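Report on the structure given below.
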Amino acid sequence: MEICEAWQLRGKRFRTSRFSRDITRELSELKPDNITGALYIVKDYLVILACAYATIRISWWLYPIAALIIGAQQRGLTTIAHDAAHRTLAKNSRWNYFLGIVFAAYPLLQRHWAYRYSHVHLHHPHLGDPEKDPDLKFFISSGVYDVRHPREYAFSVVWKAMLGGATLRYLKYLWNNRFLISREGRKDIDRLGSAIDTYGFAVFWLIVVLGFVQAKSLDMLVLFWLVPYLTTFQALGWFIELAEHSPMCETETDDVYLTRNRKGNLIERLLFGANLDEYHLEHHLSPGVPFWHLKRAQKIRLRDPQYAEIADSWGGLFARGPKGQPSVISQLLERNRRLYEAQLERLPGEERA
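Shown next as structure tokens:
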């Protein structure tokens, strides 16, 4: 069956929500500093080193768990690169670039200016537009919005992705939107910064590879960085980004309904919410607020009755919310089932059978 054509924001911009003056004033006080972002980076790398140490010193049977945790921390580093692209990782701009590029973007095989263009210049202003939002275009092309038999849909979007079936597609998405810069994008960004970014990436990885070769530890780089990056990081990234806007972009037009904060259980927060990755609506409503203040931003906005009602509807990614709210995956499966059954009802009796 074909994709459901219901895009309300095709060629349009979403409606922006307004909050009271008191709420807006308090949100404006949530600003970056020059220390917190660096501390989160230290935390991420310490966890990765601890996983490697435990595997080598205790038992190699721990490697699958280590790879999963490392992939989750690599995803946490994506938040570091993300905030650097928004220029909210650090108050000092040079420190912001240094932290985000050297410790996050380059290690994750991404380039800062490619990230900034695809995410800040395209995704945020064109959220929900199936022709301009690169994230939405990726999930449309990946079949997330295709209507299929429920078992086929669940296998393609959920189970296959868990087993690595979405890895190549997600890698291609990262390559096109986090490493390459389109011809239009080159006209819209700092050309000098982009050129430095290109050569800096090459120099960074040359130093890293030569350093590990010199230390006769190239296998450690492969086992405890590249393998998790190509496996668990990709799978976690698929589900995290799937949860950010799906399936709301298909029908919604207001910013508060185009994404969500997730209310998962402890395991979900550890694996899918490193560095407060679950507060995605807060980020879209206040892209100038650094990630470590997003939880506080939500508490401030909850004083708004309409926002509090919306917040009460969120669940986790796979798990239900604390009040039994439906999970993201269950919403996607239910949407597909409902549309599939509606299309079946429109078919002649012979074809339906």
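Per the numbering used here, the very first residue in the sequence shown carries number 99; after that it's consecutive. C-beta atoms are modelled at their ideal positions from N, C-alpha and C, and glycine is treated no differently. The model shown is predicted, which means the values in this text are computed figures rather than measured ones.
If residue i and residue j are in contact, beta carbons under 8 Å, what's the gap, nearest whole angstrom?
| i | j | result |
| --- | --- | --- |
| Y251 | L431 | 7 Å |
| T349 | Q172 | That belief does not hold up - the Cβ atoms of T349 and Q172 are roughly 33 Å apart, past 8 Å. |
| S292 | W211 | 4 Å |
| V387 | T186 | 7 Å |
| A372 | G174 | 3 Å |
| V354 | I408 | 6 Å |
| F302 | V200 | 7 Å |
| H184 | V218 | 6 Å |
| A170 | L334 | 6 Å |
| I384 | L125 | The question names Ile, but residue 384 is Ser in the sequence shown. Yes, they are in contact, since the Cβ atoms of S384 and L125 sit about 6 Å apart, within 8 Å. |
| A136 | P326 | Wrong, their Cβ atoms sit about 23 Å apart, outside the cutoff. |
| S240 | R209 | Not a contact, Cβ separation roughly 23 Å. |
| W412 | R358 | 5 Å |
| F237 | Y243 | 7 Å |
| K270 | A264 | With 8 Å as the limit, K270 and A264 do not qualify as a contact, their Cβ atoms being about 10 Å apart. |
Can you tell me whether residue i is buried or exposed? The criterion is at least 16 other CB atoms within 10 Å of its CB, across all chains shown.
| i | result |
| --- | --- |
| W336 | buried |
| L368 | exposed |
| T122 | exposed |
| F404 | The question names Phe, but residue 404 is Gln in the sequence shown. Answer is exposed; the Cβ neighbour count stays below 16. |
| W159 | exposed |
| L437 | buried |
| L356 | buried |
| E100 | Confidence at E100 is low in this model, with a pLDDT of 41, below 50, so its placement is unreliable and the value that follows should be read with caution. So E100 counts as exposed. |
| E439 | exposed |
| I163 | exposed |
| Y215 | buried |
| D142 | buried |
| K314 | exposed |
| V256 | buried |
| V245 | buried |
| N132 | exposed |
| L321 | buried |
How about residue i and residue j: do their beta carbons lie closer than 8 Å?
| i | j | result |
| --- | --- | --- |
| E366 | L415 | yes |
| C347 | G226 | yes |
| F277 | L379 | no |
| A202 | A188 | no |
| N275 | P205 | no |
| A182 | N194 | yes |
| F117 | D402 | yes |
| K230 | H222 | no |
| I154 | I168 | no |
| Y138 | W390 | yes |
| F112 | T351 | yes |
| D375 | I338 | yes |
| L316 | F310 | yes |
| P345 | Q423 | no |
| R119 | P228 | no |
| G51 | T329 | Limits of the chain in this structure are 99 at one end and 451 at the other, which puts residue 51 out of reach. |
| L343 | L445 | It should be noted that the sequence gives His, not Leu, for residue 343. In this structure, L445 does not lie closer than 8 Å to H343 by Cβ. |
| H462 | L392 | In the structure as shown, the chain begins at 99 and stops at 451. Residue 462 is therefore absent and cannot be evaluated. |
Is there at least one non-hydrogen atom of the ligand GDP closer than 7 Å to the beta-carbon of residue i?
| i | result |
| --- | --- |
| W273 | Summarising the ligand content, the structure contains no ligands, and the ligand GDP is consequently not present. |
- With a cut-off of 8 Å, do at least 3 Cβ pairs link the stretch 361-368 to the stretch 414-432? yes
- Task: Please list the segments of the alpha helix (DSSP H) lying wholly inside the stretch 145-192, counting only runs of 4 or more residues, in order along the chain.
- Result: 161-183
- Whole alpha helix (DSSP H) elements within the stretch 237-301, 4-residue minimum: 248-252, 265-272, 281-284
- Query: Can you list the alpha helix (DSSP H) stretches of 4 or more residues lying completely in the stretch 332-406, in chain order?
  - Reply: 364-370, 378-383, 392-399
- Length at least 4, wholly inside the stretch 411-449: the alpha helix (DSSP H) runs in chain order: 426-444
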